[in-house]
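Undergrad: Questions regarding the structure given below will be posed in turn.
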């Protein structure tokens, strides 16, 4: 019973975080990409591709991570496991966000110095 409740909390919270962060990055990313690339059509295309890949990667990882959970026997264990897993997802989202920003920044630097 605790596993089902934990899965539902985990899926709902992580899905909300993933979708909200993706939406915010998509909106803010338009200006950032336009600044880096100076081509509005290319920026919109790249931004949509990044958003799609972001959703697929994160929601897929969230779904796969459910398979590694053991049996949960108490409410304390349920809270602990669920919060640790949500923390992992948040750290992964943060890492992916900064990786994208740095990659685009360094690509811009490389294109500028040619």
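Numbering (the numbering used here), first residue to last: -15 to 98. Positions of the beta carbon are idealized from the N, C-alpha and C atoms, including for glycine. Owing to the predicted nature of the structure, the values given are computational and were not obtained by experimental measurement.
So the candidates are 66, 41 and 43; which of them puts its Cα closest to the Cα of residue 53?
TA: On the chain shown, position 69 is the one that residue 53 refers to. The candidate whose alpha carbon is nearest that of residue 53 is 66.
Undergrad: CA-CA distance, residue 55 and residue 44?
TA: Start at 1 with the first residue of the chain shown, and residue 55 comes out as number 71. Start at 1 with the first residue of the chain shown, and residue 44 comes out as number 60. Whole-angstrom Cα-Cα distance: 22 Å.
Undergrad: I think residue 78 touches residue 46, with their Cβ atoms under 8 Å apart; what is that distance to the nearest whole Å?
TA: Start at 1 with the first residue of the chain shown, and residue 78 comes out as number 94. Start at 1 with the first residue of the chain shown, and residue 46 comes out as number 62. Not a contact, Cβ separation roughly 15 Å.
Undergrad: Just to confirm my understanding: we take residue 13, look at its own chain, exclude 5 residues before and 5 after, and list those with CB closer than 6 Å. What are they?
TA: Counted from its first residue, the chain shown places residue 13 at position 29. Contacts found: 31.
Undergrad: What is the C-beta distance between residue -6 and residue 69, in whole angstroms, given that I count them as a contact (C-beta under 8 Å)?
TA: Locating residue -6 in the chain shown gives position 10, where the first residue counts as 1. Locating residue 69 in the chain shown gives position 85, where the first residue counts as 1. Confirmed, Cβ separation roughly 6 Å.
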